[in-house]
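S.K.: Here you go, one structure.
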Amino acid sequence: MATSRNGLILTCSLLGVLGPLTAACSGASGTSGEPVADTDAPVDVATDGVDGVDGGETDAKTDGNEGVTSDTAEAEVELPSPPDTVDVTPGDGTIGSSCKTDSDCQNDGLCLDWPGGYCTVLNCSADAECPTGSRCAEVKAGTTACVESCALDGSACREGYGCKPVAPQSGDEGATPGAGCIGLSATTSPPGGPCASLADCAGPHGCLSGPPGGFCAMTGCSNDVLCPAGTTCANWNGAPTCLPSCEIGGDCAEVPGEARCDLLVGLAGTPVPVCLPGGGSGGAGSGCTSDQDCESGFCRIVAEGKCVGSSAGCFVDGDCAGGVVCELAPAYRKGVCTQLCSLDALCPGQTGCAPLPAPPGGTASAFCQNPCKGPTDPLSCDDDVGETCRFGDPIGNTASGGKYLCVVLGAGDPGQPCESDAGCKEGGCIGTCAPSCVNSPCPFSTTCTNWKGEERCMRRCFSALDCAAGMSCAAPAGTATKVCMPPS
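For the sequence shown, the positions run 15 to 502 when my numbering is used.
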């Protein structure tokens, strides 16, 4: 398949757009009737008609001009092998239809060497630039093409293709993501399998490049966009992702590599067990900015910004004391390596399962937190991520009297010091934020206590050192659980 662009005849091979990208245009002869090429062996760009280059050779020669190449020669371009389109019947020429040569395609399109040939138009920036029935997709970093539209609800692409999620391009910023038919490699990986590109993953699954060796998974799942059978939608690295399902206590033997079964937050806001890829080396309590930094495969983000004039982390202005502004910036993103937990999936070792307040727009969940020795312990908790040592009652804790754990709490969270109701996210200031617990459970470091006839989340304590200035550690009348009490 040869096509002329700016006087150059380039080799068209875009199965490579999902592996090595190649300029989409081809041929040694300079005619547009050549069959599409396979993509097995690399070669330089053929440049018929360019001085000093012999168009009859597969290597780009530069007689008398060593080192001189065209701009397009910088891309990896692959040797036309015996075409796989000998038995292909060209389609109607629309985007995504089968083809043998560029002339089989409408709209001045190109015939890519995807399975059976694939008509497309390159270098789009918005869906509106693509013919009806197609959309603009990034098929390789920095390279876009019009691909046949499809639906992730099961509508089929032709054999050798997968219906993949397609993110809006620069000209469609803010638009709803769609899906398009993308050519697949001869051998594809199942969900959770290794990959180097989209083409390596079966069905609707994309290739996540963060985990070592890549990880096949479909992103963008929701209540309206369901996951394929055998996978579950969970929030991973900040995005809803279809991950292989599993059972806690079991393994992920069907998933290649060092995958393991762990809990992530599902669509309903509750923990769901899924197979996660092998991650980084960060143990529980280590600082992180993404899930790949942690052995557990889960990084709990505790701040996206910094309170101006201090080192305190924050998500919104309300997290900062005294009306200070929360300055958001990627450099201020901080997290802690941990894992989700529940009564059915308790924490390993000496870590404790602590239910913690929800971040803005998020869901309250329980996490495995490292133990510490008390409010005067300066070493056990990580100041860099805002951890403090708090006393409370971990989920599943059988020891009497509670336990100290390292946790990250924001200004105004239950149990935090306050001067007025305005300083508490849910009101109820009594020296510490003590909101009502009538309709919702109390997070770690607080417990539901009857105080002056009202059920409130009051801060737990082992001694007065755990309480704000002026408060005492005592058990209210009729109870055995000690909490921080305001002056009577």
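Yeah, the Cβ is synthetic: ideal placement off N, Cα and C, and Gly gets one too.
The structure displayed is predicted, hence computed values, not measured ones.
#1: May I ask which residues mark the beginning and end of the beta strand (DSSP E) holding residue 440?
#2: Please determine, among 124, 223, 163, 180, the residue with the shortest C-alpha to C-alpha distance to residue 151.
#3: Buried or exposed for residue 421, going by 16 or more other Cβ atoms inside 10 Å?
#4: What separation, rounded to the nearest whole angstrom, lies between the Cα atoms of residue 165 and residue 385?
#5: For residue 485, list the residues DSSP reports as bridge partners.
#6: Go ahead and pull the three-state DSSP assignment for residue 179.
#7: Which whole-angstrom value describes the C-beta separation of residue 143 and residue 194, a residue pair presumed to lie in contact below a C-beta threshold of 8 Å?
#8: For residue 273, which residues from the same chain have a beta carbon less than 6 Å from its beta carbon, with the 5 sequence-adjacent residues on both sides left out?
#9: CA-CA distance, residue 222 and residue 419?
#10: Residues in the same chain with beta-carbon distance under 6 Å from residue 444, minus the five sequence neighbours each way, listed in chain order, please.
#11: What separation, rounded to the nearest whole angstrom, lies between the Cα atoms of residue 355 and residue 173?
#12: Can you tell me whether residue 190 is buried or exposed? The criterion is at least 16 other CB atoms within 10 Å of its CB, across all chains shown.
#13: Work out the CA separation of residue 350 and residue 399 for me, nearest whole Å.
#14: Please classify residue 240: does DSSP put it in a helix, a strand, or coil?
#15: Can you give the Cα-Cα distance for residue 486 and residue 467, rounded to whole angstroms?
#16: Please confirm whether residue 379 and residue 285 have their CB atoms less than 9 Å apart.
#17: What does residue 256 pair with, by DSSP beta-bridge criteria?
#18: Just to confirm, are residue 134 and residue 124 a CB contact at a threshold of 9 Å?
#19: Going by C-alpha distance, which of 482, 497, 481, 480 is nearest residue 488?
#20: Given residue 372, which residues of its chain have a CB within under 8 Å of its CB, disregarding the five upstream and five downstream residues?
#21: Alpha carbon to alpha carbon, what distance is there between residue 439 and residue 504?
#22: Secondary structure at residue 5, three-state DSSP: helix, strand or coil?
#23: Taking the alpha-carbon of residue 264 as reference, which of 258, 256, 275 has the nearest alpha-carbon?
#24: When DSSP builds the beta bridges, which residues end up paired with residue 192?
#25: For residue 464, which residues does DSSP report across the bridge?
#26: Can you say whether residue 67 is buried or exposed, counting buried as having 16 or more other CB atoms within 10 angstroms of its CB?
#27: Who pairs with residue 349 in a beta bridge, going by DSSP?
#28: Would the beta-carbon of residue 313 be found less than 8 Å away from any heavy atom of the ligand FAD?
#29: Using three-state DSSP, classify residue 337 as helix, strand or coil.
M.R.: Quick answer:
#1: First-last for residue 440: undefined, no H or E at that position.
#2: 180
#3: buried
#4: 48 Å
#5: The partner list for residue 485 (beta bridge, DSSP) is empty, contrary to what the question assumes.
#6: strand
#7: Not a contact, Cβ separation roughly 14 Å.
#8: 206, 266, 289, 291
#9: 34 Å
#10: 500
#11: 42 Å
#12: exposed
#13: 7 Å
#14: coil
#15: 19 Å
#16: yes
#17: 232, 247
#18: yes
#19: 497
#20: 378, 379
#21: Since the first and last residues shown for the chain are 15 and 502, residue 504 lies out of range.
#22: Because the chain in this structure spans residues 15 to 502, residue 5 falls outside the shown range and cannot be described.
#23: 275
#24: 180
#25: 469
#26: With a pLDDT of 31 at residue 67, under the threshold of 50, the modelled position of this residue cannot be trusted; read the value that follows with caution. Buried, since its Cβ has 16 or more Cβ neighbours within 10 Å.
#27: 302, 315
#28: As presented, the structure is devoid of all ligands, the ligand FAD included, so that no description of it is given.
#29: helix
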